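> One structure, as structure tokens, below. Some questions next.
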């Protein structure tokens, strides 16, 4: 344990050491603490003394300097024990931590970064570990940062910005690029922005929602007989279809298992991606039925969706469904964080509160298929 005490102290001091390099401050000798609990056996004493002497600085080498003190023990007799252990020089410190190579790379990269933009010195002081963490990426990060500071990129997708890096580079190094942009030009991005596409208002690939016609006649009428298709939100907003029912399902399998229904379609709403569907004129003109999991997320999404479409109805998200499937109720991995959802109906609220009380959930896959079909047909 003795070796751990001292080398853990040295390891923990490395961040401060790097900050001193960035600040241009000279190395400060490090006094190591420990050794209050002296060995109780000859074996422990031998092991500890061997360690101290193994790394003790000799005339021609590196290591720590030890001030020895006489120690008298009834059990072990007269011994010597360190009263102070000092790492006096930078060379000693790097020898003991085995950080010579890393530190050499750090100093070299630091010079490149400060030559690039000297004003990031304070930023690096707050994130000294980033110099080595992004060692192989800094050239690209600097190039991307320069370009984004100087150019309007709102007409670009994230992978089409004309910078000399591979197409996934910006996303792979998003945190550092965002941090530098916020530091160098605070007005460029919102302070809490953690998504470069949103922060810089880049073009985004369209989110496709899978749609299936439940009425084959509507497929012939509106989509040239194609019964299953992926449709982007912008296109869905422009659709002037005349339909009675829109079903939103959170389980993709249910998209395919839904029975045929007159004048209806079903959309796989993809969890919280359904928030992209908050301003669809077609939805205001049609009945909406939402079928989600009976758990915290499912009821939360229903509640949020109802803010935009007050007429949305849920299916299989009520007390009756729970009562019919008591043996299939499981547990959420995490405890419920939401305690109240004001836009639920009484039947939905009863189901939510029952699950909340036991941290429970009932997955759609657990519902009895005959129960599902009969309920849908009887609507």
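In our numbering, the protein residues as written are 40 to 418.
Note that CB positions come from ideal geometry on N, CA and C, so glycine has one too.
The structure displayed is predicted, hence computed values, not measured ones.
1. When you compare the region 248-268 with the region 298-307, are there three or more beta-carbon pairs, one atom per stretch, that lie closer than 8 Å?
2. Compute the Euclidean distance between the alpha carbons of residue 381 and residue 340, then round it to the nearest angstrom.
3. I believe residue 241 touches residue 184 by the beta-carbon criterion, under 8 Å. Please report the beta-carbon distance rounded to the nearest angstrom.
4. When the Cβ atoms of the region 309-320 are set against those of the region 261-268, are three or more pairs found closer than 8 Å?
5. Measure the C-alpha to C-alpha separation of residue 379 and residue 361 and round it to an integer number of angstroms.
6. So residue 293 is in the alpha helix (DSSP H); what residue range does that whole segment cover?
7. Using 10 angstroms around the beta-carbon of residue 330, count the other beta-carbons present and answer buried if the total reaches 16, otherwise exposed.
8. At what residues does the beta strand (DSSP E) containing residue 225 begin and finish?
9. Assuming residue 54 and residue 238 form a contact by the criterion Cβ under 8 Å, report the distance between their Cβ atoms to the nearest whole angstrom.
10. Do you know offhand how far residue 374's Cα is from residue 398's?
11. Please work out which residues of its chain come closer than 6 Å, Cβ to Cβ, to residue 28, disregarding the five sequence neighbours upstream and downstream, and give them in chain order.
12. Check residue 93 in the structure and name its three-state DSSP category.
13. Within 10 angstroms of its Cβ, does residue 126 collect 16 or more other Cβ (buried), or is it exposed?
14. Name the DSSP bridge partner or partners of residue 104?
15. Expressed to the nearest angstrom, what Euclidean distance is found between the alpha-carbon atoms of residue 111 and residue 94?
16. So, for residue 297: in the same chain, excluding its five sequence neighbours on each side, which residues have a beta-carbon less than 8 Å away from its beta-carbon?
17. In its own chain, which residues sit with a C-beta less than 7 Å from the C-beta of residue 410, not counting the 5 before and 5 after it?
18. Note down, one range per segment and in chain order, each beta strand (DSSP E) of at least 3 residues found wholly within the region 306-350.
19. Going residue by residue through the region 191-219, where are the continuous alpha helix (DSSP H) segments of at least 4 residues, counting only ones entirely within it?
20. What is the rounded straight-line gap between the Cα of residue 394 and the Cα of residue 355?
21. Pick out whichever of 199, 257, 270 and 158 has its Cα sitting closest to the Cα of residue 223.
22. Quick one: using the 10 Å Cβ neighbour count with 16 as the cut-off for buried, is residue 131 buried or exposed?
23. Does the count of Cβ pairs from the region 75-86 and the region 107-121 closer than 8 Å reach three?
24. Between which residues of its own chain and residue 178 is the CB-CB distance below 7 Å, once the five residues before and five after are set aside?
25. Please name the residue, chosen from 316, 174, 59 and 206, that lies closest to residue 277 on a Cα-to-Cα basis.
Put simply:
1. Counting Cβ pairs under 8 Å, three or more are found: they touch.
2. To locate residue 381, count along the chain shown from 1; it is residue 342. To locate residue 340, count along the chain shown from 1; it is residue 301. Distance between residue 381 and residue 340, taken at the CA atoms: about 12 Å.
3. As a working mapping, residue 241 is identified with position 202 in the chain shown. As a working mapping, residue 184 is identified with position 145 in the chain shown. That pair is no contact at about 15 Å.
4. Verdict: no, contact absent.
5. As a working mapping, residue 379 is identified with position 340 in the chain shown. As a working mapping, residue 361 is identified with position 322 in the chain shown. If you take the alpha carbons of residue 379 and residue 361, they lie about 19 Å apart.
6. The residue labelled residue 293 in the question sits at position 254 within the chain shown. It spans 291-296 - the alpha helix (DSSP H) in which residue 293 sits, taken as one unbroken run.
7. Counting from one through the chain shown, the residue named residue 330 turns up at place 291. Buried, since its Cβ has 16 or more Cβ neighbours within 10 Å.
8. In the chain shown, counting from the first residue as 1, residue 225 sits at position 186. Annotation: residue 225 is outside any beta strand (DSSP E) and is labelled neither H nor E by DSSP.
9. For the purposes of this step, residue 54 is taken as the residue at position 15 of the chain shown. For the purposes of this step, residue 238 is taken as the residue at position 199 of the chain shown. The beta-carbon distance between residue 54 and residue 238, rounded to whole angstroms, is 29 Å. This is too long to meet the 8 Å contact definition.
10. Here residue 374 is taken as the residue at index 335 of the chain shown, counted from 1. Here residue 398 is taken as the residue at index 359 of the chain shown, counted from 1. Roughly 6 Å between the two C-alpha positions.
11. Because the chain spans 40 through 418 in this model, residue 28 falls outside it and cannot be assessed.
12. Indexing the chain shown from 1 puts residue 93 at position 54. Reduced to three states, the DSSP call for residue 93 is helix.
13. Here residue 126 corresponds to residue number 87 of the chain shown, with the count starting at 1. When all chains shown are included, residue 126 counts as buried.
14. Against the chain shown, residue 104 aligns to sequence position 65. Under DSSP, residue 104 shares a beta bridge with 125.
15. For the purposes of this step, residue 111 is taken as residue 72 along the chain shown, with counting starting at 1. For the purposes of this step, residue 94 is taken as residue 55 along the chain shown, with counting starting at 1. Whole-angstrom Cα-Cα distance: 24 Å.
16. In the chain shown, residue 297 corresponds to position 258, counting from 1. Within the same chain, 251, 253, 286, 288, 305 and 415 come within 8 Å of residue 297 by CB-CB distance, once the 5 residues on both sides are set aside.
17. By one-based count along the chain shown, residue 410 stands at place 371. In its chain, beyond the 5 residues on either side, 363 have a beta carbon closer than 7 Å to the beta carbon of residue 410.
18. Whole beta strand (DSSP E) segments, 3+ residues: 326-330.
19. Listed in chain order, the complete alpha helix (DSSP H) runs (minimum 4 residues) inside the region 191-219 are 208-211.
20. Locating residue 394 in the chain shown gives position 355, counting from the first residue. Locating residue 355 in the chain shown gives position 316, counting from the first residue. Taking the CA atoms as reference points, residue 394 sits about 14 Å from residue 355.
21. Taking the chain shown and counting its residues from 1, the one referred to as residue 223 is at position 184. The candidate whose alpha carbon is nearest that of residue 223 is 158.
22. To locate residue 131, count along the chain shown from 1; it is residue 92. Its Cβ being crowded by 16 or more others within 10 Å, residue 131 is buried.
23. Output reads yes: the region 107-121 touches the region 75-86.
24. If you number the chain shown from 1, residue 178 lands on position 139. For residue 178, where only same-chain residues beyond five positions count, there are no Cβ hits under 7 Å.
25. Here the question's residue 277 lines up with position 238 in the chain shown. Looking from the CA of residue 277, the closest CA among 316, 174, 59 and 206 belongs to 316.
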